[in-house]
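Peer 1:
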Amino acid sequence: MTPFKLKIVTPDGLKYDGMAEMVVARTTTGEIGIMAKHMNLVSPLGMGRALITVEGKQRRAACIGGILSVIGGDVNLVPTTFEWAEDIDVKRAEKAMTESKEIIAAKKDVSQTELKMAEARLKRALVRLGVAQDK
Amino acid sequence: MAGVSTKEIKNRIRSMESTKQITKAMEMVAASKLRRAQAQVDSARPYFRILSRVLSDIIKTNTDFESPYLTAPKTGKTLYIAIAGDRGLAGGYNSNILKMVYEKMAQSESVVLPIGKKALDFFKARKADVVSDAYGVAEDVAVGDCFTIAKNVAKAFKAGEYSSVYVCFTNFVSVLSQTPDMKALLPLQPEDDGEEAKKSEILYEGGSVEVFDAIVPEYLGGILYGALCESRAAEQAARRTAMDSATSNAEDMIADLSLKFNRARQAAITQEITEIVAGA
């Protein structure tokens with residue numbers, strides 16, 4: 001496959017800068033796959049798994065929030081958080097999952113915003129666990 | 001010389017020594033914090049840059065739509081997001097940025113969102129129109145808070161509350177140089193890099209206006225976070241420099257006082273000898 005330029009940057013730093021053959025990411029409207037010579041595209045990112053193919057090898061990552069843009073053939077993935085599968089802290093994600101589940105279960109004692117935050121946290125934890133455990 | 005007793009000088013030297021110890025300790029604390037803040041700035045900078053780049057590309061190549069984020073409403077106030085520190089003793093760090101914001105604020109009808117204790121106190125004392133005092137501690141403001149602020153600001157801008165939004169922060173140029181800076185957030189303006197962009201079509205996955213509206217708060221949050229990182233590093237650098245010069249000032253004064261002390265001591269001895277000799 002023809003490679004293209006890919007940059008992945010988050011507030012924590014540059015996660016990837018180089019050539020790639022394919023990028024699959026979850027946008028707010030569903031999964032999207034980008035290959036070389038894709039037309040200009042801009043889309044907000046949702047929460048989910050991202051697959052990056054580099055030299056025939058596929059790498060998995062948890063990719064949450066942010067922007068995906070393809071301008072003039074260069075792909076920029078600018079998520080809020082991006083963790084390669086091997087970098088995911090499974091214990092922390094599990095802890096976040098049980099804690100946020102508890103908050104959601106105790107619905108009446110918490111405010112609306114707290115509930116929303118717990119739900120978002122649960123979603124993030126589930127994405128991370130899904131990516132980390134999917135072999 | 002006779003007016004100052006050796007005891008008085010000794011006391012002054014002692015108090016100067018303890019001041020020097022404090023400034024020295026503060027300098028070292030600032031230096032270690034600076035190292036961490038600098039690493040954070042270095043890792044956040046590419047994000048900052050690419051994010052601005054992406055948005056500016058979108059605006060330049062855009063042919064398809066009008067967005068409320070691109071045009072300034074005729075009415076509404078100017079919002080300044082002022083980022084300063086939580087503590088003083090950082091040279092001109094706090095006063096430089098706050099003075100700049102205050103001067104700008106006087107030019108038009110404006111409101112301010114202070115971040116950091118010094119900023120909050122400054123604007124409260126001057127009875128400025130403060131939007132929220134929720135971010136009184138700059139050190140506790142996390143990435144998530146930046147995105148929350150961005151979302152609220154974007155919503156208010158769309159509702160026509162603000163005619164423009166600026167973020168005021170201190171640019172961390174180097175360890176020795178920090179400059180107060182101001183960046184226009186809304187309405188969005190493309191970066192002026194001299195390139196005349198060719199208008200081309202962009203596919204907006206999910207509808208152009210919806211996509212743009214979803215991206216703008218993300219962009220603002222990212223820029224805000226970048227500004228915060230810059231400011232934090234600048235604060236520690238400014239404090240380090242200020243404390244460094246305070247320490248060397250203290251050293252100079254101690255050297256000066258020691259000289260005076262020795263002179264006074266010698267004068268006393270000479271006087272005593274003269275008295276004894278005269279008596280004999």
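So the protein sequences, as listed, match chains S and H. For the first sequence, position 53 (counting from the first letter as 1) is numbered 53 according to the numbering used here, and the numbering increases by one without interruption. For the second sequence, position 64 (counting from the first letter as 1) is numbered 64 according to the numbering used here, and the numbering increases by one without interruption. Glycine is no exception: its CB is placed at the ideal position from the N, C-alpha and C atoms.
Which residues in chain S sit within 7 Å of residue 43 of chain H, going by Cβ to Cβ distance?
Peer 2: Within the second sequence, numbered from 1, the residue matching residue 43 of chain H stands at position 43. Within chain S, the residues near residue 43 of chain H are 12, 13.
Peer 1: Would residue 27 of chain S pass as an interface residue toward chain H - the criterion being a Cβ-Cβ separation below 8 Å?
Peer 2: Sequence index remark: in the first sequence, residue 27 of chain S carries index 27 (1-based). Chain H, which has a Cβ nearer than 8 Å to the Cβ of residue 27 of chain S, makes this yes.
Peer 1: Measure the CB-CB distance between residue 69 of chain H and residue 222 of chain H and report whether it falls below 8 Å.
Peer 2: Within the second sequence, the letter at position 69 stands for residue 69 of chain H. Within the second sequence, the letter at position 222 stands for residue 222 of chain H. Cβ atoms of residue 69 of chain H and residue 222 of chain H: not closer than 8 Å.
Peer 1: Helix or strand or just coil, what does DSSP make of residue 58 of chain S?
Peer 2: Position 58 of the first sequence, counted from the first residue, corresponds to residue 58 of chain S. Residue 58 of chain S falls in the strand class under three-state DSSP.
Peer 1: Could you please give the first and the last residue of the uninterrupted beta strand (DSSP E) stretch that includes residue 178 of chain H?
Peer 2: Your numbering for residue 178 of chain H matches position 178 in the second sequence. That run of the beta strand (DSSP E) goes 178-186.
Peer 1: Identify the contact partners of residue 218 of chain H in chain S, using a Cβ-Cβ distance below 9 Å as the criterion.
Peer 2: Position 218 of the second sequence, counted from the start, is the residue given in the question as residue 218 of chain H. Under the 9 Å cutoff, chain S gives 44, 45, 65, 66, 67, 78, 80.
Peer 1: For residue 214 of chain H and residue 252 of chain H, I'd like the C-alpha separation in whole angstroms.
Peer 2: Against the second sequence, residue 214 of chain H aligns to sequence position 214. Against the second sequence, residue 252 of chain H aligns to sequence position 252. Cα-Cα distance, rounded: 58 Å.
Peer 1: Residues of chain S with CB under 9 Å from residue 46 of chain H, in chain order?
Peer 2: To locate residue 46 of chain H, count along the second sequence from 1; it is residue 46. Those within 9 Å of residue 46 of chain H in chain S are 7, 9, 13, 14, 17.
Peer 1: Can you check whether the CB of residue 32 of chain S is closer than 8 Å to the CB of residue 22 of chain S?
Peer 2: Taking the first residue of the first sequence as 1, we reach residue 22 of chain S at position 22. Taking the first residue of the first sequence as 1, we reach residue 32 of chain S at position 32. Result no, Cβ atoms of residue 22 of chain S and residue 32 of chain S do not sit closer than 8 Å.
Peer 1: Taking contact to mean 3 or more Cβ pairs, one atom from each stretch, closer than 8 Å, check whether the segment 112-119 of chain S and the segment 6-25 of chain H are in contact.
Peer 2: Short answer: they don't touch.
Peer 1: Shorter than 8 Å from the beta carbon of residue 186 of chain H to some beta carbon of chain S?
Peer 2: Within the second sequence, the letter at position 186 stands for residue 186 of chain H. No, residue 186 of chain H does not count as interfacial toward chain S.
Peer 1: Just to make sure I have the definition right: I need the residues of chain A whose C-beta is within less than 8 Å of the C-beta of residue 225 of chain H. Which are they?
Peer 2: The structure shown contains no chain A; its protein chains are S and H.
Peer 1: With 16 other CB atoms within 10 Å as the buried threshold, where does residue 236 of chain H fall?
Peer 2: What you label residue 236 of chain H is simply residue 236 of the second sequence in a count that begins at 1. It is buried - the Cβ of residue 236 of chain H has at least 16 other Cβ atoms within 10 Å.
Peer 1: Mind pulling the chain S residues with CB within less than 7 Å of residue 51 of chain H?
Peer 2: Indexing the second sequence from 1 puts residue 51 of chain H at position 51. Chain S residues near residue 51 of chain H: 78.
Peer 1: Tell me, to the nearest whole angstrom, how far the beta carbon of residue 97 of chain H is from that of residue 168 of chain H; I am working on the premise that it is less than 8 Å.
Peer 2: As a first step, residue 97 of chain H must be located in the second sequence, where it is residue number 97. As a first step, residue 168 of chain H must be located in the second sequence, where it is residue number 168. Indeed, because the Cβ distance is near 6 Å, the residues count as touching under 8 Å.
Peer 1: Going by beta carbon distance, what residues of the same chain come within less than 8 Å of residue 84 of chain S, once the five residues before and after it are set aside?
Peer 2: To locate residue 84 of chain S, count along the first sequence from 1; it is residue 84. Taken in chain order, the residues that qualify are 15, 59, 60, 61.
Peer 1: Between which two residues does the beta strand (DSSP E) containing residue 221 of chain H stretch?
Peer 2: On the second sequence, position 221 is the one that residue 221 of chain H refers to. Taken as a continuous stretch (DSSP letters only), residue 221 of chain H belongs to no beta strand (DSSP E), being part of the alpha helix (DSSP H) at 208-279.
Peer 1: Taking all protein chains shown into account, do 16 or more other C-beta atoms lie within 10 angstroms of the C-beta of residue 47 of chain S, making it buried, or fewer, making it exposed?
Peer 2: By one-based count along the first sequence, residue 47 of chain S stands at place 47. It counts as buried.
Peer 1: Who are the Cβ neighbours of residue 58 of chain H in its own chain at under 8 Å, not counting the five residues just before and after it?
Peer 2: As a first step, residue 58 of chain H is located in the second sequence; it is residue number 58 there, counting from the start. Cβ within range, chain order: 202, 212, 215.
Peer 1: So, at 8 Å on beta carbons, what are the nonlocal neighbours of residue 33 of chain H in its own chain, with the 5 sequence-adjacent residues on each side left out?
Peer 2: Here residue 33 of chain H corresponds to residue number 33 of the second sequence, with the count starting at 1. Excluding positions up to five away in sequence, the list reads 236.
Peer 1: Flag this pair as touching only if the segment 76-86 of chain H and the segment 117-136 of chain H have three or more C-beta atom pairs under 8 Å; answer yes or no.
Peer 2: Output reads yes: the segment 117-136 of chain H touches the segment 76-86 of chain H.
Peer 1: What residues of chain S sit near residue 54 of chain H, judged by a beta carbon separation below 9 Å?
Peer 2: Translated into the one-based positions of the second sequence, residue 54 of chain H becomes position 54. In chain order: 42, 67, 69, 71, 76, 78.
Peer 1: Determine, using beta carbons only, whether residue 26 of chain S and residue 45 of chain S come nearer to each other than 8 Å.
Peer 2: Here residue 26 of chain S corresponds to residue number 26 of the first sequence, with the count starting at 1. Here residue 45 of chain S corresponds to residue number 45 of the first sequence, with the count starting at 1. In contact: residue 26 of chain S and residue 45 of chain S (Cβ atoms closer than 8 Å).
Peer 1: Would you list the one or two residues that DSSP bridges to residue 171 of chain H?
Peer 2: Taking the first residue of the second sequence as position 1, residue 171 of chain H is located at position 171. Note: residue 171 of chain H sits in a beta bridge opposite H:179.
Peer 1: Tell me whether the beta-carbon of residue 54 of chain S lies closer than 8 Å to the beta-carbon of residue 66 of chain S.
Peer 2: Indexing the first sequence from 1 puts residue 54 of chain S at position 54. Indexing the first sequence from 1 puts residue 66 of chain S at position 66. Contact: no.
Peer 1: According to DSSP, which residues form a beta bridge with residue 31 of chain S?
Peer 2: Residue mapping note: residue 31 of chain S aligns to position 31 of the first sequence, counting from 1. In DSSP, residue 31 of chain S forms a bridge with S:26.
Peer 1: Considering Cα atoms alone, identify which of S:56, S:123, S:38 is closest to residue 68 of chain S.
Peer 2: Counting from one through the first sequence, the residue named residue 68 of chain S turns up at place 68. The shortest C-alpha separation from residue 68 of chain S is found at S:38.
Peer 1: Find the residues of chain S that neighbour residue 201 of chain H, judging by a C-beta separation of less than 8 Å, and give them in chain order.
Peer 2: Working through the second sequence from its first residue, we reach residue 201 of chain H at position 201. What residue 201 of chain H touches in chain S: 39, 40.
Peer 1: Considering only DSSP beta bridges, list what residue 76 of chain S is partnered with.
Peer 2: As a working mapping, residue 76 of chain S is identified with position 76 in the first sequence. Residue 76 of chain S is bridged to S:7, S:69.
Peer 1: Where DSSP assigns a beta bridge to residue 81 of chain S, which residues make up the other side?
Peer 2: In the first sequence, the residue the question calls residue 81 of chain S occupies position 81. Paired residue(s): S:64.
Peer 1: How big is the Cα-Cα spacing for residue 53 of chain H and residue 217 of chain H?
Peer 2: As a first step, residue 53 of chain H is located in the second sequence; it is residue number 53 there, counting from the start. As a first step, residue 217 of chain H is located in the second sequence; it is residue number 217 there, counting from the start. Going from the Cα of residue 53 of chain H to the Cα of residue 217 of chain H covers about 15 Å.
Peer 1: Taking only the alpha-carbon atoms, compute the straight-line gap between residue 17 of chain S and residue 135 of chain H and give it to the nearest angstrom.
Peer 2: In the first sequence, counting from the first residue as 1, residue 17 of chain S sits at position 17. In the second sequence, counting from the first residue as 1, residue 135 of chain H sits at position 135. Cα-Cα distance, rounded: 35 Å.
Peer 1: Can you pull the chain S residues whose beta carbon is under 8 Å from the beta carbon of residue 81 of chain H, in chain order?
Peer 2: Sequence index remark: in the second sequence, residue 81 of chain H carries index 81 (1-based). Within chain S, no residue comes near residue 81 of chain H; the closest Cβ sits about 17 Å away, beyond 8 Å.
Peer 1: Apart from the five residues on each side of it in sequence, which residues of its chain come closer than 7 Å, Cβ to Cβ, to residue 156 of chain H?
Peer 2: Looking up residue 156 of chain H in the second sequence gives position 156. Counting only Cβ-Cβ distances below 7 Å, and skipping sequence neighbours, we find 162.
Peer 1: Among H:244, H:187, H:159, which has the Cα closest to the Cα of residue 166 of chain H?
Peer 2: Indexing the second sequence from 1 puts residue 166 of chain H at position 166. Closest option to residue 166 of chain H, Cα to Cα, is H:187.
Peer 1: Please tell me whether, using a cut-off of 7 Å, the distance from the CB of residue 82 of chain H to the nearest non-hydrogen atom of the ligand HEM is below it.
Peer 2: As presented, the structure is devoid of all ligands, the ligand HEM included, so that no description of it is given.
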